[in-house]
Amino acid sequence: MSMLKDAITSLLGADARFVDGYQEPVRVLFCTVPRDKFVEAARSMKKAYALLAAEWATDETPFGRGYGIFACYRWGSEYLIVKTEAPADDPTFPSLTKKYVPAFRFERQIQSLMGLTPVNHPDTRPWIKFEDWPEDAWPLRKSFDPSQRLARVEGEYRWIKSDGEGVYEIPVGPVHAGIIEPGHFRFQAVGEDVLNLEERLGYVHKGIEKRFESLPWEQGFRLAGRVSGDTTVAHSLGYCMALESLTRCNPPERAHWLRALFLERERIANHLGDIGAICNDAAFAFMLYQMMRLKESLLRTNHRLFGHRFIMDRVVPGGVAVDIDPRGRDEILAELDRLSRDFEKLVVIYEENPSIEDRVRTTGVLKPKTAREICAVGIVARASGMNLDCRIFNPFPPYDQYDRLELDVPVMITGDVHARTWVRVREVRESIRIIRWILENMPAGPISVPVPAAAPDKAGFAAVEGWRGEIIYWLQSGPQGQINRCMVRDPSSVNWLGLEQSIHGNIVPDFPLCNKSFNQSYSGHDL
Amino acid sequence: MIRILRQIFRTGIVTEELPHEVDAEIRATGSRLEEVIRRRFRGSLTIRQVDAGSCNGCELEIHAINNPIYNCERFGIHFTASPRFADMLLVTGPVTHNMEIALRRTYVATPPPKLVVAVGDCGCNGGVFGESYASLGGVQKVIPVDVFVPGCPPTPTALLQGILKAIEG
């Protein structure tokens with residue numbers, strides 16, 4: 001019994017055709033609908049309170065079909081992927097933007113990179129593709145030669161403008177003042193008050209999704225590990241799990257536990273860095289240096305035990321590449337004791353400092369209603385009242401042992417900078433507890449198995465809770481069993497919308513603070 | 001406030017004499033860095049970091065050389081917000097098609113000696129992203145590079161050594 005299946009069939013009847021055996025894992029439902037029912041399907045999902053998790057397109061001409069357009073909906077622990085097709089000579093599809101706000105950017109991206117026109121989309125400006133690309137350069141189409149150099153053409157991006165007495169514009173980026181990734185922000189402001197913020201991303205578009213298509217399956221995890229360098233474990237895990245679903249490969253139990261260990265270590269390291277950096281952007285440098293000290297010690301332990309400071313390339317298809325011995329276990333346990341002691345002292349300082357409190361409370365509020373509308377995920381969603389966590393709703397071992405693990409998912413409702421910081425604080429504590437539990441209960445056994453070859457024309461899906469939030473990978477095999485499409489949805493793809501919404505009513509000097517509290521990935525968004 | 005002071009005093013100075021694991025080598029790097037910066041840059045080397053398409057991994061390690069343990073400021077290394085004050089550009093990423101113009105402009109805005117250090121495997125040759133419609137395949141394809149620091153990402157120690165190599169000329 002599935003809520004989403006009931007919802008879509010009650011509205012569309014036999015038009016929603018559920019397909020068996022095409023997509024793995026089976027609990028992620030998959031159905032096709034006629035093109036003119038695509039919006040109708042979205043309407044039924046909206047009525048069932050489902051959220052839009054991702055929307056993407058595939059070029060299926062190698063199979064003798066046209067283009068596929070996919071929308072992935074989530075409700076609690078259920079996922080439903082709705083597919084519709086567009087013939088090659090009529091590359092259009094009905095836009096879902098009026099039903100689901102995040103479709104706004106997904107569809108601009110589909111139009112820019114796959115060349116499919118979303119009909120009735122309110123904004124036809126390209127996204128990620130810049131105005132100086134040739135208009136007919138659609139990299140994700142099979143007919144596009146990825147090795148070509150793109151010519152630069154004349155073009156202009158139409159920014160959102162505002163006018164009136166005292167209204168001025170502040171352009172920021174792509175080369176920012178700090179050591180961060182490139183992106184462009186344009187503020188319309190009066191005095192210090194921000195009227196509107198418009199983001200423009202795409203500067204770090206490296207052609208990752210296209211690149212996957214030229215790689216053999218067993219090498220894709222390295223590229224996935226570099227989609228966003230700070231989330232390398234979660235991204236390679238997403239890729240590996242999608243591939244393992246597609247090939248019906250079952251990694252050994254111990255491999256799952258080690259993956260969870262890496263995932264939680266990555267979460268702690270990034271949260272520590274973020275808490276420090278948020279405080280630093282409120283001129284509280286003390287906290288940055290203290291947190292960086294703790295983070296550095298974690299990274300060094302990673303390097304000693306697992307051979308890489310960020311545990312890059314250690315999650316591989318079929319399992320993991322590195323094991324942990326009892327000495328390593330003791331080392332981590334001792335380190336966690338030290339970390340936990342120091343961290344708690346710092347949390348008290350954060351809590352009791354009125355000048356930091358003054359900056360972080362009621363700043364950059366993303367209202368729960370807005371967070372729901374943009375279908376936010378991860379820390380951003382949890383700080384705005386949404387109880388979402390793939391570790392609970394879409395678990396792999398050991399997270400599936402709810403009654404033993406008793407994972408606590410922190411949810412706050414204020415949606416301000418403080419809430420996003422505090423969700424991180426509580427997650428650090430929880431991750432420390434989980435790591436201890438993992439190390440004490442980890443089963444023995446092998447750490448990897450070979451992955452069987454992929455069958456042609458199949459799809460695999462995975463959702464992993466990285467430290468930013470839910471990461472989705474969707475893989476499709478081609479006619480010869482090669483990679484035909486690898487869709488990557490980093491949490492940043494939706495959460496960047498939240499930053500734009502949270503900045504209204506704030507002052508320009510608070511922008512860095514708000515931005516840091518979101519800390520979304522540019523690279524993971526631009527791909 | 002008292003808690004802050006107590007924490008500061010209890011933590012003490014965590015800055016490492018220079019990382020132990022590579023001691024002999026890095027000890028030499030640190031003191032030579034300081035010496036060369038004093039001699040050739042009047043005690044202050046100013047760096048502008050440019051992300052030209054990196055995955056953010058290299059940025060994390062560049063942040064790390066600023067943390068209290070590596071503490072690059074003690075050698076006179078300072079990161080600046082504007083290329084116009086910079087002696088050196090620290091460039092990461094394979095240089096994307098969309099960042100090419102911004103990188104060129106940053107280079108033009110930098111006053112001599114315009115030292116350029118290409119950081120990371122992808123800064124050196126495109127790394128896993130290779131050369132494609134979107135990735136130009138390395139910093140050298142766009143601006144002249146003085147020193148390459150390979151690694152995915154390079155460790156903080158490797159970064160400091162790369163910077164030293166560039167200023168020793």
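Chains as they are written, first to last, in my numbering: chain C, 1 to 527; chain A, 1 to 169.
Think of the CB as a built atom: it goes at the ideal place given N, C-alpha and C, for glycine as much as any other residue.
In this text the structure is predicted, and so the values were computed from the model without any measurement.
1) Just reading off the beta strand (DSSP E) that H121 (chain C) is part of, what are its end residues?
2) Residues of the stretch 152-177 of chain C with a CB closer than 7 Å to any CB of chain A: list them in chain order, please.
3) To the nearest angstrom, how far is the alpha carbon of D15 (chain C) from that of L197 (chain C)?
4) Can the beta-carbon of G536 (chain C) be found closer than 8 Å to that of V380 (chain C)?
5) Using 8 Å for Cβ pairs, my map puts R108 (chain C) next to D90 (chain C). What's the rounded Cβ distance?
6) Starting from N519 (chain C) and walking both ways along the beta strand (DSSP E), at which residues does that stretch end?
7) In angstroms with no decimal places, state the Cα-to-Cα distance between Y203 (chain C) and R404 (chain C).
8) How would you label T61 (chain C), buried or exposed, when you count the other beta carbons within 10 angstroms and need 16 or more for buried?
9) Should K206 (chain C) be flagged as near chain A, meaning a C-beta pair shorter than 8 Å?
10) I'd like to know whether the C-beta atoms of R35 (chain C) and P94 (chain C) end up nearer to each other than 8 Å.
11) Does any residue of chain C bring its CB to less than 8 Å from the CB of T171 (chain A)?
12) Any C-beta of chain A sitting closer than 8 Å to the C-beta of I379 (chain C)?
13) Going by DSSP, what residue range makes up the alpha helix (DSSP H) through S135 (chain A)?
14) By Cβ distance, which residues of its chain are closer than 6 Å to V172 (chain C), with the 5 residues on each side in sequence left out?
15) For R125 (chain C), I'd like the list of residues in its chain whose CB is within less than 8 Å of its CB, leaving aside the five on either flank, ordered along the chain.
16) From the beta carbon of P153 (chain A), is the nearest beta carbon of chain C less than 8 Å away?
17) Here's the rule: buried if 16 or more other CB atoms are within 10 angstroms of the residue's CB, otherwise exposed. What is P446 (chain C)?
18) Taking Cβ-Cβ distances shorter than 7 Å, what residues in chain C pair up with I4 (chain A)?
19) Could you list which residues in chain A have their beta carbon closer than 9 Å to that of P139 (chain C), in chain order?
20) If we cut at 8 Å on Cβ distances, does I180 (chain C) have a partner in chain A?
21) Between C55 (chain A) and T232 (chain C), what straight-line distance do the alpha-carbon atoms span, to the nearest angstrom?
22) Does DSSP classify P19 (chain A) as helix, strand or coil?
23) Checking 8 Å against the spacing of the C-beta atoms, do G364 (chain C) and N506 (chain C) come in under that value?
24) What separation, rounded to the nearest whole angstrom, lies between the Cα atoms of P19 (chain A) and K46 (chain C)?
25) With distance defined between alpha-carbon atoms, name the residue in A:N67, A:N125, A:C72 nearest to L164 (chain A).
26) Excluding sequence positions up to five away, which residues of its chain have a Cβ less than 8 Å from the Cβ of P368 (chain C)?
27) Taking 8 Å as the CB-CB cut-off, is T232 (chain C) touching chain A?
28) Just to confirm my understanding: we take Y22 (chain C), look at its own chain, exclude 5 residues before and 5 after, and list those with CB closer than 7 Å. What are they?
29) Can you give me the C-alpha to C-alpha distance between V33 (chain C) and K83 (chain C), rounded to a whole angstrom?
30) Taking the continuous beta strand (DSSP E) assigned at S477 (chain C), which residues delimit it?
31) Determine whether the Cβ of T157 (chain A) lies closer than 8 Å to any Cβ atom of chain C.
32) Should the stretch 324-343 of chain C be called in touch with the stretch 240-256 of chain C, which here means at least 3 C-beta pairs below 8 Å?
33) Check the Cβ-Cβ distances between P146 (chain C) and every residue of chain A, and say whether any is below 8 Å.
34) So, is the C-beta of T106 (chain A) closer than 8 Å to a C-beta in chain C?
35) Is C375 (chain C) closer than 8 Å to L96 (chain C) when the C-beta atoms are compared?
36) Alpha carbon to alpha carbon, how far is V149 (chain A) from A28 (chain A)? Give it in angstroms, no decimals.
Working from what's here:
1) DSSP places H121 (chain C) outside any beta strand (DSSP E), giving it a letter other than H or E.
2) P174, V175, A177
3) 41 Å
4) Because chain C in this structure spans residues 1 to 527, residue 536 (chain C) falls outside the shown range and cannot be described.
5) About 20 Å separates the two Cβ atoms, so there is no contact after all.
6) It is not in any beta strand (DSSP E) - N519 (chain C) carries neither H nor E in the DSSP assignment.
7) 45 Å
8) Classification for T61 (chain C): exposed.
9) The beta-carbon of K206 (chain C) is placed less than 8 Å from the nearest beta-carbon of chain A.
10) With respect to the 8 Å criterion, R35 (chain C) and P94 (chain C) are classified as neighbours on the basis of their beta carbons.
11) For chain A, the structure presents residues 1 to 169; residue 171 (chain A) sits outside this window and is missing.
12) no
13) Per DSSP, S135 (chain A) belongs to no alpha helix (DSSP H) and is neither H nor E.
14) F185
15) R108, Y157, R158
16) yes
17) The residue is exposed, with fewer than 16 neighbouring Cβ atoms inside 10 Å.
18) F286, I349
19) S132, Y133, A134
20) For I180 (chain C), the closest Cβ of chain A is nearer than 8 Å.
21) Rounded to the nearest angstrom, the gap between the Cα atoms of C55 (chain A) and T232 (chain C) is 9 Å.
22) Note that P19 (chain A) has pLDDT 49, beneath the 50 cutoff, so the model's placement of it is unreliable and the number below is only indicative. It is coil, neither helix nor strand.
23) Between G364 (chain C) and N506 (chain C), the C-beta gap is smaller than 8 Å, which places the two residues in contact.
24) The predicted position of P19 (chain A) is uncertain, since its pLDDT is 49 and thus under 50; a value taken from the coordinates is nonetheless stated next. C-alpha separation (whole angstroms): 56 Å.
25) A:C72
26) S384, G385, M386, I413, G415
27) yes
28) F30, K458, A459
29) 6 Å
30) 470-477
31) no
32) no
33) Judged by the 8 Å Cβ criterion, P146 (chain C) is in contact with chain A.
34) Under the Cβ distance rule, T106 (chain A) counts among the residues neighbouring chain C, one pair being separated by less than 8 Å.
35) No, the Cβ-Cβ distance between L96 (chain C) and C375 (chain C) is not below 8 Å.
36) 18 Å
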